[in-house]
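Remarks on the structure that follows.
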Amino acid sequence: MASSPLLSVATELLLAVVEAIDDAASLRSFALTCKLARLLAEPVLYRAVLVTTGSQASCLANALQQQQPPARAELVRSLDLRPKFGRDAGVEALTPLVGAMTQLRTLSMESPFANYGRWRSRAIRRRWDTLMQGYRALFLDAQCGASLQKLKSLTIHWSGDASRFWLLTEFKPILTLPALQSLTISCAVLGDDLADGLATFAGTTPLTHLELVECFVSQKALTAVLALPRALRSCHLGIMRYHTFPSNHNYHEASPEQQLEALRQQRHSLQQLTWFDKDFAYGTDVCRVSTVSGRGLSHFTELHTLTLDGACALLFSTLFSECAPPNLDRLRIIRHDQGTVLDHPADSHLPALRHLDLVFSPKGRDNPDPLWAKPDRRDRVKRLGEDYHARGIRLAIFAAHRGSTFPPYLFGEEPPCEEPAYRAENAWFSPGNDIGGTFSEWFGMVRRHPRHSDCEEVMQLGGVKGLACRVIDTVELFSV
1 MASSPLLSVA TELLLAVVEA IDDAASLRSF ALTCKLARLL AEPVLYRAVL
51 VTTGSQASCL ANALQQQQPP ARAELVRSLD LRPKFGRDAG VEALTPLVGA
101 MTQLRTLSME SPFANYGRWR SRAIRRRWDT LMQGYRALFL DAQCGASLQK
151 LKSLTIHWSG DASRFWLLTE FKPILTLPAL QSLTISCAVL GDDLADGLAT
201 FAGTTPLTHL ELVECFVSQK ALTAVLALPR ALRSCHLGIM RYHTFPSNHN
251 YHEASPEQQL EALRQQRHSL QQLTWFDKDF AYGTDVCRVS TVSGRGLSHF
301 TELHTLTLDG ACALLFSTLF SECAPPNLDR LRIIRHDQGT VLDHPADSHL
351 PALRHLDLVF SPKGRDNPDP LWAKPDRRDR VKRLGEDYHA RGIRLAIFAA
401 HRGSTFPPYL FGEEPPCEEP AYRAENAWFS PGNDIGGTFS EWFGMVRRHP
451 RHSDCEEVMQ LGGVKGLACR VIDTVELFSV
């Protein structure tokens with residue numbers, strides 16, 4: 001192979017060829033041919049790693065410990081730890097080596113029992129305890145500058161040792177990682193004790209995206225956490241809706257008013273906000289509070305996209321008062337009933353509004369008839385769309401089928417997919433509307449029908465782009 005014409009071409013061209021190969025097995029075979037091939041192939045092979053079983057973790061750990069220059073651990077840019085439910089032990093073998101991944105940019109970690117509520121056996125629970133001890137050591141080392149210094153994106157879907165919830169206080173160094181720009185955590189308890197010592201770091205972290213999914217959050221903790229970023233641009237506040245916190249706790253959850261007050265610390269920079277209310281949205285009208293304390297969202301001058309998922313009484317009241325965000329361009333309303341038309345956004349104080357998206361996402365397995373199943377309701381939608389269009393507001397209606405999954409959405413689970421049903425500029429309805437079918441029949445038809453040409457614009461809203469890289473098959477790779 002050393003005399004192969006392929007290896008005689010310029011190194012830059014070889015690198016381009018290696019980057020273009022999307023088959024891990026072929027790349028692995030190429031890496032085994034000679035030293036030059038290994039040096040070219042391994043940076044691509046180890047760039048993005050997915051681990052779903054203990055045997056994969058053990059295999060990867062063995063490969064990383066073969067310290068031949070360059071050190072393989074330093075080649076890993078993205079690590080996805082997603083051990084499957086009840087699979088074999090061995091994931092803990094990899095934990096001590098994560099700290100050696102000095103170029104790591106993206107890290108995702110998942111408990112095999114998140115969303116399940118209980119451990120299958122004491123033995124598995126003990127393995128999880130061992131794994132969590134390793135994670136604590138990892139983040140403590142990071143606090144001392146020994147690891148994770150270049151980490152930009154962190155996603156954690158964990159469960160506690162005796163309940164669904166884990167304590168963020170035990171992993172506080174996560175919040176002050178020096179390069180972290182995107183943080184997503186689920187089923188975490190953010191209690192008052194989390195705030196201790198965080199004031200020192202107020203206004204110093206580079207975090208631009210924060211997502212709390214099914215978390216229990218106290219007022220003091222939320223205030224301290226939202227004070228940390230220099231300029232937060234995107235925030236998803238997801239207070240518990242699908243999970244129940246133990247009744248014998250001493251924590252006090254932040255009220256919507258307290259959440260909004262804590263969020264005011266980022267009013268100078270926040271561009272996208274998703275407000276996930278703990279109550280589902282039902283009925284033809286939306287409840288509102290009698291008064292909006294403070295200035296509401298009126299000082300959020302950079303806010304251009306607002307998503308309201310659930311009842312959101314405080315936020316709806318804000319939109320219909322002088323406390324509305326002055327430069328809001330897109331308002332997304334997610335409801336959980338059979339589909340009722342919301343007339344009242346026409347009365348809101350949103351002079352810059354150009355896009356109004358209504359998303360109907362029935363709770364659980366409900367399959368009610370959609371709002372467009374009857375001609376008179378479709379006519380009402382069209383009239384509303386024409387009215388908005390005349391005022392420069394583009395109305396779009398979507399349907400999202402939730403199925404049996406609920407947040408946090410774990411590895412292998414599909415979150416609700418929003419499918420377009422209506423757009424005011426061309427009065428476009430999905431094919432299912434003409435036959436007046438049920439929600440499930442309509443949804444199945446739309447899933448088989450090509451997406452509307454400009455649907456991707458809406459589907460990508462609120463997302464934070466991470467490191468673009470391939471995920472490879474660890475079993476085939478790490479015996480190299």
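For the sequence shown, position 423 (counting from the first letter as 1) is numbered 423 according to UniProt numbering, and the numbering increases by one without interruption.
Positions of the beta carbon are idealized from the N, C-alpha and C atoms, including for glycine.
Open item on the list: On the criterion of 16 or more Cβ atoms from any shown chain inside 10 Å, does Arg136 qualify as buried, or is it exposed?
Closed with: exposed
- [ ] Would you mind working out which of Ser321, Ala71, Gln103 sits nearest Val292, comparing C-alpha positions?
- [x] Ser321
Open item on the list: So, at 7 Å on beta carbons, what are the nonlocal neighbours of Arg267 in its own chain, with the 5 sequence-adjacent residues on each side left out?
Closed with: His299, Phe300
Open item on the list: Quick check on the DSSP output: the beta strand (DSSP E) that includes Glu211 runs from which residue to which?
Closed with: 209–217
- [ ] Since I believe Pro407 is in contact with Val213 (beta carbons under 8 Å), could you give me their beta-carbon distance rounded to a whole number of angstroms?
- [x] 5 Å
Open item on the list: Here's a check: name, in chain order, each residue in its chain whose Cβ is nearer than 6 Å to the Cβ of Ile185, leaving out the five neighbours to either side.
Closed with: Ile156
TODO: Assign Lys220 to one of two classes, buried (16 or more other C-beta atoms within 10 Å of its C-beta) or exposed (fewer than that).
DONE: buried
Open item on the list: Determine whether the beta carbon atoms of Gly134 and Pro178 lie at a separation below 8 Å.
Closed with: At a Cβ-Cβ threshold of 8 Å, Gly134 and Pro178 do not count as neighbours.
Task: Where the beta strand (DSSP E) through Tyr422 begins and ends - done: Looking at the DSSP string, the run of the beta strand (DSSP E) that includes Tyr422 is 417–423.
TODO: May I ask which residues mark the beginning and end of the alpha helix (DSSP H) holding Arg28?
DONE: Its alpha helix (DSSP H) spans residues 24–31.
Open item on the list: Three or more C-beta pairs under 8 Å: does that hold for the stretch 318–334 against the stretch 348–363?
Closed with: The stretch 318–334 makes contact with the stretch 348–363: 3 or more CB pairs, one atom from each, lie closer than 8 Å.
TODO: State the start and end residues of the unbroken beta strand (DSSP E) segment that holds Glu110.
DONE: Where Glu110 is concerned, the enclosing beta strand (DSSP E) starts and stops at 106–110.
Task: Limits of the unbroken alpha helix (DSSP H) element including His389 - done: Note, His389: alpha helix (DSSP H), 375–390.
Open item on the list: Pop quiz: Ile397 and Ala421 are said to be a contact at Cβ under 8 Å. What is the actual Cβ separation, rounded to whole angstroms?
Closed with: 5 Å
- [ ] Apply the 10 Å Cβ neighbour rule to Pro375 and answer buried if 16 or more other Cβ atoms are within range, or exposed otherwise.
- [x] exposed
Task: N- and C-terminal bounds of the alpha helix (DSSP H) containing Gly54 - done: 54–64
Open item on the list: Distance check for Thr176 and Ala352, CA to CA, integer angstroms please.
Closed with: 36 Å
Open item on the list: Going by beta-carbon coordinates alone, are Arg127 and Glu170 separated by less than 8 Å?
Closed with: no
Open item on the list: So, for Tyr409: in the same chain, excluding its five sequence neighbours on each side, which residues have a beta-carbon less than 7 Å away from its beta-carbon?
Closed with: Here Tyr409 has Pro415 as same chain residues with Cβ atoms under 7 Å from its own Cβ, once five neighbours each way along the sequence are excluded.
Open item on the list: Just to confirm, is the Cβ distance from Arg77 to Leu94 under 8 Å?
Closed with: Contact flag unset, no.
Open item on the list: Buried or exposed, going by whether 16 or more other CB atoms sit within 10 Å of the CB of Pro70?
Closed with: exposed
TODO: Within 10 angstroms of the Cβ of Cys144, are there 16 or more other Cβ atoms? Answer buried if so, exposed if not.
DONE: exposed
Task: Where the beta strand (DSSP E) containing Thr184 begins and where it ends - done: Run containing Thr184: 182–186, per the beta strand (DSSP E) assignment.
Open item on the list: Taking the beta strand (DSSP E) that Gln259 belongs to, which residues open and close that run?
Closed with: Careful: Gln259 lies outside any beta strand (DSSP E), inside the alpha helix (DSSP H) at 256–263.
Open item on the list: Tell me which residues share the same chain as Ser218 and place their Cβ nearer than 7 Å to its Cβ, disregarding the 5 neighbours each side in the sequence.
Closed with: Leu190, Gly191, Asp192, Tyr251, His252, Glu253, Ala254
Open item on the list: Rounded to whole angstroms, what is the Cα-Cα separation between Arg264 and Cys59?
Closed with: 47 Å
Open item on the list: I'd like the list of long-range same chain contacts for Leu140, defined as Cβ closer than 7 Å, with 5 residues on each side in sequence excluded.
Closed with: Pro173
Open item on the list: Rounded to whole angstroms, what is the Cα-Cα separation between Asp309 and Leu107?
Closed with: 27 Å
- [ ] Reducing DSSP to helix, strand and coil, say where Gln68 ends up.
- [x] Gln68: coil per DSSP, three-state reduction.
TODO: Just tell me which of Ser111, Leu168, Ile21 has its CA closest to the CA of Leu198.
DONE: Leu168
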